[in-house]
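Going line by line, the protein sequences match chains C and F.
Take the first sequence: its letters are residues 1 to 228, numbered as in our numbering.
Take the second sequence: its letters are residues 1 to 228, numbered as in our numbering.
Number of protein chains: 2
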Amino acid sequence: MIRKTNRLSLVEQVVQQIEQLIEHKQWAVGEKIPPEAQLMEQFDVSRNTLREAIRSLVHAGLLETKQGSGTTVRSTNALEVAFTRHLERTNVFETLEVRSALEQEGAALAARRRTDEQLSELKEAVDNCVRAAEARDRLKFVQKDLHFHTLVIQAANNSLLLEMYEHMIEALSSSIFDVTMSSETFDYDEEIHNELLTAIEQQDAVRARQSVQQYIALFTKRLKKMNI
Amino acid sequence: MIRKTNRLSLVEQVVQQIEQLIEHKQWAVGEKIPPEAQLMEQFDVSRNTLREAIRSLVHAGLLETKQGSGTTVRSTNALEVAFTRHLERTNVFETLEVRSALEQEGAALAARRRTDEQLSELKEAVDNCVRAAEARDRLKFVQKDLHFHTLVIQAANNSLLLEMYEHMIEALSSSIFDVTMSSETFDYDEEIHNELLTAIEQQDAVRARQSVQQYIALFTKRLKKMNI
DNA sequence: AATGGACCAATCATCCTACAACTTTCATAG
DNA sequence: CTATGAAAGTTGTAGGATGATTGGTCCATT
């Protein structure tokens, strides 16, 4: 039996173990991980090896160290961090166009693939939007609105699409809040939600796509008006 | 002058310097970087500090170390590495649906924004496809075909969209080659290229979107036929 | 009791030395 | 000329020492 160079370096092994611990929620986000001395024993490696492992996860955005205090878990997903960092440096309107691309396709796929259960969830989400709008609770409205759109993408049944969509939303969240919160009149266009919902109910992919286009176009218009 | 907590750790400073060196092509991709001893002097830090900096860049995918040999530059873009790694583990058809989303939006935007110069580039690209098809040169055809589609996205004038599209193409490249290379008859559907080209020429966004849908649907059908 | 300061313990940051493991180079024996 | 193996160069791992920062305790002063 020949052992080729398949031996991972100690640092890489420690990195993978820590990634596992984070991904499997053994170490929760926001909580401190054990101090270096304890981890040295646990993984049975030297301080240098452990620190190099931790450092690479810090740079990846999964961990955060503070001298004198300790090391905390910052996120569970490396791609998310890289993506978010990248999107932060990108033009809002470019991001919005990509979101439009993803959401249109998502709506079209949702129209074809949605289950009855998903449909009723969507109906409930729209109801929540209406209620928040009637109560003039803008903050709640934004949350319920985003939840509705995310549910649509979920109904598309494509995990990659959903993940990328959520990153887009994350990057655009501040703009979304700004637009909804700052418009002098809080006019809720209920028909746009209903249009999309009906299209998905009737499994009309073309109409679903169009209603997303209208929604994004309206949002873009408002956003441009703000940036005077 | 108030210095807040903007004091970066030594390791982070070294990381940023190295990132700069890589990004500005001082250290070319594929080439070895100076050995640790030399870098210790250059950055005036201890070996531990330097190694932690290098390790985090290794984990990010920018560098690659080999014991006994040295450290080489692997890539200039961290997001690209994370993205590619992620897409490798994703279902091909899910990736294809996201590509479809991006390419449809790209085509629609290209129809609205394309310049005359971009239009003539697109025409030339289609000609190249035709020539490769007539010569029965499948490899060249695939290359020219991908080039045409990338030119379309470029004409959309959205850098984020272009970057994400290129990652999708990269992840799908092997499937694209497989489909084109393995079909018993090499039937080139010239009208699909022409349809898209005409739509962009006439600045018809709806038609551009539809022709992309047709193209992707055809490709998906062929790919599914292969995976028996 | 509330405030502020001195002090202390825990923790991470950096540096140092030493050796192990691996790769490359190159002189030398055959 | 080829093959061998010693030597030099490079990264990997270990362990110890000290500095810097943080968070908290305790106590004197108000």
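C-beta: ideal position from N, C-alpha, C; glycine also.
Item to complete: Give the DSSP bridge partners of T71 (chain C), in chain order.
Response: C:T65
Worksheet entry | 6 Å CB neighbourhood of L139 (chain C) in its chain, flanking five on each side removed | none
Worksheet item: Hey, would you say S9 (chain F) sits closer than 9 Å to A107 (chain F), going by beta carbons?
Response: no
Item to complete: Please say whether T90 (chain C) and S159 (chain F) have beta carbons closer to each other than 9 Å?
Response: yes
Worksheet item: Looking only at DSSP bridge pairs, what is K32 (chain C) linked to?
Response: C:T72
Fill in: Coarse secondary structure for L223 (chain F), derived from DSSP in three states
helix
Item to complete: Pull up the distance between the alpha-carbon of K4 (chain C) and that of T65 (chain F), whole angstroms please.
Response: Residue confidence is low: K4 (chain C) scores 39 on pLDDT, short of 50, so the model does not pin down where it sits. Its coordinate-derived value is still stated next. The alpha-carbon atoms of K4 (chain C) and T65 (chain F) are separated by roughly 17 Å.
Discussion item. Residues in the same chain with beta-carbon distance under 8 Å from T220 (chain F), minus the five sequence neighbours each way, listed in chain order, please.
Written reply: F93, L96
Worksheet entry | D145 (chain C) - containing alpha helix (DSSP H), residue span | 138 to 155
Worksheet item: Just how far apart, CA to CA, sit I2 (chain C) and A53 (chain C)?
Response: Residue placement at I2 (chain C) is poorly supported in this model, since its pLDDT is 34, which falls under 50; the coordinates still yield a value, given next. Computed Cα separation, rounded: 28 Å.
Item to complete: Starting from S159 (chain F), follow the alpha helix (DSSP H) in both directions and report where the run begins and ends.
Response: 159 to 182
Worksheet item: Apart from the five residues on each side of it in sequence, which residues of its chain come closer than 8 Å, Cβ to Cβ, to L197 (chain C)?
Response: L122, K123, V126
Worksheet item: Can you name the start and end residues of the alpha helix (DSSP H) that T198 (chain F) belongs to?
Response: 190 to 201
Worksheet item: Using a beta-carbon distance below 9 Å, is E23 (chain C) in contact with chain F?
Response: no
Discussion item. For the ligand HEM, I want to know if V73 (chain C) counts as a neighbour, meaning its beta carbon is within less than 8 Å of at least one of the ligand's heavy atoms.
Written reply: Among the components modelled here there is no ligand, and therefore nothing to report on the ligand HEM.
Practice prompt. Take Q104 (chain C) as the anchor and find which of C:E190, C:Q154, C:I22 has the nearest alpha-carbon.
Written response: C:Q154
Practice prompt. Mind checking which residues open and close the alpha helix (DSSP H) that includes K25 (chain C)?
Written response: Premise fails: K25 (chain C) is in no alpha helix (DSSP H) and is neither H nor E.
Worksheet item: Cα separation between R131 (chain F) and D145 (chain F)?
Response: 11 Å
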